[in-house]
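Residue numbers (our numbering): -18 to 282.
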């Protein structure tokens, strides 16, 4: 009864913030940068709070179309946006995760859109990075249960959060680290952790040449054909598809290019076994001997 009374008492507040979302979704002038409205995040948070407190499926159903449309508009506007969208999108994602079953919304595509289109651009912003890790830690159980491939797939992008933002995020990142491990990511994850200094050097190189890491610079580099920079700055773990398959997912229309033939960077990326003599069992002579033994008639029997 107390919850119902509280909800009724906040009816005016609910209608105000719902109208705010509705007006934003209809405003053509805001289409290129919806997050530029300073009051929009507050409205999204208030609507989420009221839905959470009331437990009313009717309120959730009324809010969902506006939340979904706003999310899609923000993602579409990211290449031209001058505002930070990360915190706003994370708040909407929380709505999707908590009420997805009520409105039959599968959050998988929304989560992937956030990682590929937003976090890949805004990971260097300390506020977005902190909120992203907090969101993922709070929702780890839900994500692993309903979307188990998300965190292992995007561990390279999550490594950028700690590589660039440093010790301030160490505790929250460490708490999330076990969730990034899966059968497919276990082996590549550990070398990536060891090679974290290389990632830092790569990011510093990008900042030096581009002026900022926040925006589309990383996404544009991902289109480079040079494997050295592509490997260090990738956002997703390799899952068996070709690199070209991701061309449309980077979320960037930029044509910026960066000289990545930096001798210092290439030296860091040099294989640790370069220059070491071949072991005798992998030498050409041994390979010929083994091949001959494998093709010769068996003497058994």
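Cβ coordinates follow ideal geometry from the N, Cα and C atoms, glycine included.
- In this structure, residue 116 lies away from residue 110, with their beta-carbon atoms at least 7 Å apart.
- Of the other Cβ atoms in all chains shown, 16 or more fall within 10 Å of the Cβ of residue 141; this residue is therefore buried.
- Residue state for residue 164 is assigned as coil, using DSSP reduced to three classes.
- With three or more CB-CB distances shorter than 8 Å, the stretch 10 to 28 counts as touching the stretch 40 to 51.
- At a Cβ-Cβ threshold of 7 Å, residue 101 and residue 216 count as neighbours.
- Taking 8 Å as the upper bound for CB-CB distance, residue 107 and residue 66 are not in contact here, some 15 Å apart.
- Counting of Cβ neighbours within 10 angstroms places residue 186 among the buried residues, the total reaching 16 or more.
- Per the C-alpha coordinates, the member of 41, 16, 80, 39 positioned closest to residue 60 is 16.
- Taking 7 Å as the cut-off, the Cβ atoms of residue 78 and residue 123 count as close.
- The residues 160, in chain order, have a CB closer than 6 Å to that of residue 121 in the same chain once the five nearest residues on each side in sequence are set aside.
- Residue 96 is positioned such that its CB atom lies no closer than 7 Å to that of residue 70.
- Counting every other CB atom within 10 Å of its CB across the protein chains shown gives residue 133 a total of 16 or more, marking it as buried.
- In the DSSP annotation of this structure, residue 120 is not part of any alpha helix (DSSP H), being labelled neither H nor E.
- Closest in alpha carbon position to residue 182, among 90, 144, 174, 150, is 144.
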